[in-house]
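Below is one structure, written out as structure tokens; comments come after it.
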Amino acid sequence: MATPARTYAESHAASLADPAAFWAAQARQLPWFREPQETLSQDDNGFDRWFRGGKLNTCYLALDYHVENGRAAQAALIYDSPVTNTKACYSYAELLDLTARFAGGLRDLGVLPGDRVIIYMPNVPEAVVAMLACARLGAVHSVVFGGFAPHELAVRIDDARPHVIIAASGGLESDKVVAYKPLLDAAIAQADYKPAHTVIFQRPFAPAALQPGRDVDYEELLKAPAAECVPVRATDPLYILYTSGTTGKPKGVIRDNGGHAVAMRYSLAAVYGLEPGEVIFAASDIGWAVGHSYIVYAPLITGCTTVLFEGKPVRTPDAGTFWRVAAEYGVSVIFTAPTAIRAIRKEDPEGRLVRDYDLSRLRYLFLAGERCDSATYDWAASSLGVPVIDHWWQTESGWPMLATLIGLDEMSPPRAGSAGHPVPGYDVQILDEAGQPVPVGTPGLVAVKLPLPPGCLPTLWQDDARFRRGYLDTFPGYYLSGDGGYQDADGYFFIMGRVDDVINVAGHRLSTGEMEELLAAHPAVAECAVLGIACDLRGQRPVGLVVLKDGQMIGEEQLEQELVSLIRNMIGAVASFRNALIVKRLPKTRSGKILRKTLRHLADGEEFTVPSTIDDPLILDEIRERLHERGVGLAFSRE
């Protein structure tokens with residue numbers, strides 16, 4: 007892929023000096039139905055928009071173009087499901103045929119350009135077909151992580167107002183069948199908005215009865231005549247992906263068609279070093295940004311082969327399953343989360359299973375989704391014998407902001423603990439609370455100077471005010487990431503984690519504020535705080551501290567069970583909420599703000615200075631004793 011500058015330094019400098027020229031050159035790598043009239047402009051709200059006036063179709067870029075240009079017989083999608091003992095391979099021609107016919111079926115159900123479609127499915131090829139079919143029609147898909155609780159799904163239904171919901175009848179989690187259809191029916195019952203139809207993909211281990219008039223069998227839609235690609239504007243939305251906010255209402259991140267396609271094509275070459283025809287294995291879920299970007303869109307737009315894996319990194323059947331997949335399909339790049347590597351390392355600490363497979367074609371392991379600790383990084387590097395690249399991005403960006411760009415020359419090597427250097431297009435800076443750059447080595451707030459490059463969110467779904475308030479208003483002229491970090495003397499960036507109350511549990515961004523609202527609704531709870539504490543396996547996990555109402559005689563064990571069930575029912579098992587501790591009181595500032603950050607440092611065994619604004623410092627000693635009694639937190643569980 008051509009780039010306007012040869013080296014990383016030249017590329018990054020060029021992207022900041024003249025963003026419009028840099029990204030116009032990248033846009034010319036794609037086949038447009040109509041070339042953009044403006045590379046970079048602003049909309050009526052003053053938000054930056056890319057490639058206005060251009061027309062294209064993302065499904066055409068991902069499928070039709072390759073079939074028309076010699077890749078019809080090449081493998082596009084490899085499906086590997088050890089949990090169902092199923093494997094399948096789809097060529098570009100076969101995937102196009104399925105997608106075009108399914109798009110025709112959606113069209114027959116009344117789906118029009120701009121309509122929303124929710125996809126509630128596990129990692130199965132039918133989900134990828136559904137995503138691409140929506141793109142083919144110009145409809146806006148919103149993938150919801152399969153198995154999310156009805157309440158969470160209902161919130162998304164009311165926000166997106168989908169004409170159709172496409173769901174699997176069930177999924178498999180740790181050898182347990184999770185029936186999706188009852189969860190879907192409950193969500194629709196709870197939601198104020200009712201979709202016109204649901205499309206159900208029947209899985210043999212979880213058959214579901216269909217509701218006449220509303221439910222349609224997935225296979226029936228494949229009998230429709232094929233639909234052609236609908237040209238859409240570059241600024242039209244391709245999808246909405248919900249991410250937790252600091253309130254109970256999730257944020258609908260929008261990805262537009264034009265900027266997204268350009269970013270996907272550029273990033274797979276520049277960041278991951280992949281060329282058409284190579285194989286990438288992104289061991290993620292399609293419900294996450296990683297799944298959207300690097301299981302589905304970037305590989306297919308580039309002309310690569312992508313592996314869709316349904317299963318876990320361990321016990322399917324063992325901790326060598328990732329290496330088996332990489333060897334079997336000739337994978338060049340693996341992309342997963344540190345959580346997965348920690349789980350593998352826990353079961354295979356010596357890395358013996360790696361030696362059972364021929365990984366000669368594997369060139370790199372990329373890690374993202376949460377901060378990678380040095381021990382995990384070093385284990386992966388030594389076991390696999392390939393460079394391990396920790397990089398940083400968010401649902402909001404849709405592609406990496408910091409990385410080691412292996413597709414560009416003269417790039418500094420990866421460094422343990424660091425997410426690397428700013429990717430071309432991103433002017434990443436560390437600021438203090440006044441919005442001023444901090445000295446090298448000083449922790450601060452991670453921000454990106456505007457304009458954000460193509461592929462990043464232009465705004466939030468139907469909530470421009472929240473977008474401006476949450477990301478742009480704090481430091482005018484900057485996007486505020488919500489993460490803290492620092493830059494060292496060699497220019498490497500280190501991301502230290504969230505600075506708000508959104509925590510990262512095994513790659514899932516979850517709101518502790520929403521959990522607190524749920525705990526506070528329990529009749530015995532007077533007030534509470536939910537902390538995201540460090541976890542060796544998941545990166546973070548939530549722990550609840552609750553103060554009982556006067557006169558309540560409920561025991562801690564019973565209350566904990568009830569609160570755990572409450573979180574599981576309302577948010578889902580992905581929250582990994584297992585501990586609720588009764589405390590006499592919570593540490594607060596004199597103005598009444600709960601000192602969550604101080605509590606998190608306490609539980610994690612980190613050094614901290616007792617805030618001068620604390621109302622009563624002795625409260626911290628009381629909570630330290632409670633955490634110690636229960637063995638909760640890294641500071642106490644390892645004693």
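Numbering (the numbering used here), first residue to last: 7 to 645.
All residues carry an ideal CB built from backbone N, CA and C; glycine is no exception.
Model, not experiment: these values are computed from the prediction.
Item checked: Beta-bridge partners of V184, as assigned by DSSP -> The residue labelled residue 184 in the question sits at position 178 within the sequence shown. In the DSSP secondary-structure assignment, V184 is bridged to G177.
Checklist line | Assumed close pair G513, G293 - CB separation to whole angstroms, cut-off 8 Å | finding: Your numbering for residue 513 matches position 507 in the sequence shown. Your numbering for residue 293 matches position 287 in the sequence shown. By a beta-carbon distance limit of 8 Å, G513 does not contact G293. Their separation comes to about 10 Å.
Notebook entry, point to check: Can you give the beta carbon distance from A276 to P459, rounded, assuming they're within the 8 Å contact cut?
Noted result: Sequence index remark: in the sequence shown, residue 276 carries index 270 (1-based). Sequence index remark: in the sequence shown, residue 459 carries index 453 (1-based). Actually they are not in contact, since the Cβ atoms of A276 and P459 sit about 12 Å apart, beyond 8 Å.
Margin query: Relative to the C-alpha of L466, which candidate in L456, K257, M576, E284 has its C-alpha closest?
Written below: Translated into positions along the sequence shown, residue 466 becomes position 460. Across the set L456, K257, M576, E284, the C-alpha of K257 shows the shortest separation from the C-alpha of L466.
Checklist line | Residue nearest to L244 in terms of C-alpha spacing, selected from E520, D262, V238 | finding: The sequence position of residue 244 within the sequence shown is 238, counting from 1. Restricting attention to E520, D262, V238, the CA atom closest to the CA of L244 is found in D262.
Next item on the list: Would you kindly work out how many angstroms separate the C-alpha atoms of H18 and V135, rounded to a whole number?
Entry: Translated into positions along the sequence shown, residue 18 becomes position 12. Translated into positions along the sequence shown, residue 135 becomes position 129. Here the alpha carbon of H18 sits roughly 35 Å from the alpha carbon of V135.
Item checked: Of the listed residues R474, T327, A295, Y363, nearest to W398 (C-alpha basis) -> Within the sequence shown, residue 398 is the residue found at index 392, counting from 1. Of the listed residues, the one whose Cα sits closest to W398 is A295.
Item checked: Continuous beta strand (DSSP E) stretch holding L437: start and end -> Your numbering for residue 437 matches position 431 in the sequence shown. Element bounds for L437: 433 to 437.
Notebook entry, point to check: When we look at the beta-carbon of E566 and count the other beta-carbons within 10 Å, is it buried (16 or more) or exposed?
Noted result: Taking the first residue of the sequence shown as 1, we reach residue 566 at position 560. Looking at its Cβ environment, which holds 16 or more other Cβ atoms inside 10 Å, E566 is buried.
Notebook entry, point to check: Hey, C95 and A81 are a contact pair by Cβ (cut 8 Å); roughly how many whole angstroms apart?
Noted result: To locate residue 95, count along the sequence shown from 1; it is residue 89. To locate residue 81, count along the sequence shown from 1; it is residue 75. Contact flag correct, Cβ pair sits at about 5 Å.
Next item on the list: Please say whether F207 and A174 have beta carbons closer to each other than 9 Å?
Entry: Position 168 of the sequence shown, counted from the start, is the residue given in the question as residue 174. Position 201 of the sequence shown, counted from the start, is the residue given in the question as residue 207. F207 sits close to A174, with the two beta carbons spaced by under 9 Å.
Note to self: Among V149, L190, A166, V184, whose alpha-carbon lies nearest the alpha-carbon of P156?
What the structure shows: Reading the sequence shown from its first residue, position 150 is the one you call residue 156. If we check each option's Cα against that of P156, L190 comes out closest.
Next item on the list: Just confirm the distance between the C-beta atoms of G413 and I436, as a whole number of angstroms; I'd bet it's less than 8 Å.
Entry: Stepping through the sequence shown from its first residue, residue 413 is reached at position 407. Stepping through the sequence shown from its first residue, residue 436 is reached at position 430. With a Cβ gap of about 26 Å, G413 and I436 do not count as contacting.
Item checked: Continuous beta strand (DSSP E) assignments of at least 3 residues falling wholly in the segment 211 to 274 -> Here the runs fully enclosed are 221 to 223, 243 to 249, 257 to 262.
Next item on the list: Work out the CA separation of G317 and A205 for me, nearest whole Å.
Entry: Here residue 205 is taken as the residue at index 199 of the sequence shown, counted from 1. Here residue 317 is taken as the residue at index 311 of the sequence shown, counted from 1. It should be pointed out that residue 205 corresponds to Val in this sequence rather than to Ala. So the alpha carbons of these two residues sit roughly 23 Å apart.
Check: Nearest CA to the CA of P548: which residue from R574, P406, Q32?
Finding: Sequence index remark: in the sequence shown, residue 548 carries index 542 (1-based). Taking only the C-alpha atoms, the option nearest P548 is R574.
Notebook entry, point to check: Does the segment 336 to 356 come close enough to the segment 379 to 394 that 3 or more CB-CB pairs lie under 8 Å?
Noted result: The segment 379 to 394, when compared against the segment 336 to 356, does touch it at the 8 Å Cβ threshold.
Margin query: Taking 9 Å as the threshold (C-beta atoms), are L554 and V536 in contact?
Written below: Taking the first residue of the sequence shown as 1, we reach residue 536 at position 530. Taking the first residue of the sequence shown as 1, we reach residue 554 at position 548. No Cβ-Cβ contact shorter than 9 Å links V536 with L554.
Margin query: How far does the alpha helix (DSSP H) with S21 in it extend, from its first residue to its last?
Written below: One-based indexing of the sequence shown puts residue 21 at position 15. From DSSP, the alpha helix (DSSP H) with S21 extends over 14 to 23.
Notebook entry, point to check: With C-beta atoms as the reference, is A197 less than 9 Å away from A145?
Noted result: Within the sequence shown, residue 197 is the residue found at index 191, counting from 1. Within the sequence shown, residue 145 is the residue found at index 139, counting from 1. It is not a contact, given that the beta carbons lie outside the stated cut-off.
Next item on the list: Name, in chain order, the residues that DSSP records as bridge partners for A81.
Entry: Against the sequence shown, residue 81 aligns to sequence position 75. The bridge partners DSSP lists for A81 are S97.
Note to self: Using only the alpha-carbon positions, how far apart do A288 and K590 sit?
What the structure shows: The count along the sequence shown starts at 1 and reaches residue 288 at position 282. The count along the sequence shown starts at 1 and reaches residue 590 at position 584. About 46 Å.
Check: Do you know whose CA, among E402, G52, T480, lies nearest A440's CA?
Finding: Your numbering for residue 440 matches position 434 in the sequence shown. Checking every option, the nearest Cα to that of A440 belongs to T480.
Check: Can you tell me the Cα-Cα spacing of H203 and P128, whole angstroms?
Finding: Translated into positions along the sequence shown, residue 203 becomes position 197. Translated into positions along the sequence shown, residue 128 becomes position 122. Distance from the CA of H203 to the CA of P128, rounded to the nearest whole angstrom, comes to 20 Å.
Item checked: Coarse secondary structure for G297, derived from DSSP in three states -> Within the sequence shown, residue 297 is the residue found at index 291, counting from 1. Helix, per DSSP.
Note to self: Just to confirm my understanding: we take T646, look at its own chain, exclude 5 residues before and 5 after, and list those with CB closer than 7 Å. What are they?
What the structure shows: This structure gives no information on residue 646, because the portion of the chain shown stretches from 7 to 645.
Notebook entry, point to check: Below 9 Å between beta carbons: does that hold for C534 and S582?
Noted result: Walking along the sequence shown from the start, residue 534 turns up at place 528. Walking along the sequence shown from the start, residue 582 turns up at place 576. Result no, Cβ atoms of C534 and S582 do not sit closer than 9 Å.
Notebook entry, point to check: Where N75 and K61 are concerned, what is the direct C-alpha to C-alpha distance, given to the nearest angstrom?
Noted result: As a working note, residue 75 is residue 69 in the sequence shown. As a working note, residue 61 is residue 55 in the sequence shown. For N75 and K61, the distance between alpha carbons rounds to 20 Å.
Notebook entry, point to check: How many Å lie between Q32 and F57 at the Cα?
Noted result: Taking the first residue of the sequence shown as 1, we reach residue 32 at position 26. Taking the first residue of the sequence shown as 1, we reach residue 57 at position 51. Their backbone Cα atoms lie some 11 Å apart in a straight line.
Note to self: Quick check: what's the CA-CA separation for D54 versus V434?
What the structure shows: Translated into the one-based positions of the sequence shown, residue 54 becomes position 48. Translated into the one-based positions of the sequence shown, residue 434 becomes position 428. Taking the straight line joining both Cα atoms gives about 17 Å.
Notebook entry, point to check: Who are the near neighbours of Y186 in its chain, counting only those whose CB is closer than 7 Å to its CB and skipping five residues on each side?
Noted result: Counting from one through the sequence shown, the residue named residue 186 turns up at place 180. Sequence-distant Cβ neighbours of Y186 in its own chain, meaning closer than 7 Å and more than five residues away, are Y126, G152, G153, A173, A174, S175, G176, G177.
Next item on the list: Tell me, please, which residues DSSP counts as bridged to F287.
Entry: By one-based count along the sequence shown, residue 287 stands at place 281. Bridge partners of F287: V313, I340.
Checklist line | CA-to-CA distance, S21 to A11, given in whole angstroms | finding: Along the sequence shown, one-based indexing puts residue 11 at 5. Along the sequence shown, one-based indexing puts residue 21 at 15. With a pLDDT of 47 at A11, under the threshold of 50, the modelled position of that residue is not reliable, and no figure is offered here.
Checklist line | Beta-ladder partner(s) of V452, from DSSP | finding: Locating residue 452 in the sequence shown gives position 446, counting from the first residue. Answer is I436.
Margin query: Classify L46: buried if its beta carbon has 16 or more other beta carbons within 10 angstroms, exposed otherwise.
Written below: The residue you call residue 46 lines up with position 40 of the sequence shown. Around the beta-carbon of L46, 16 or more other beta-carbon atoms lie within 10 Å, marking it buried.
Next item on the list: With DSSP as the reference, label L605 as helix, strand or coil.
Entry: Working through the sequence shown from its first residue, we reach residue 605 at position 599. Residue state, collapsed to three classes: helix.
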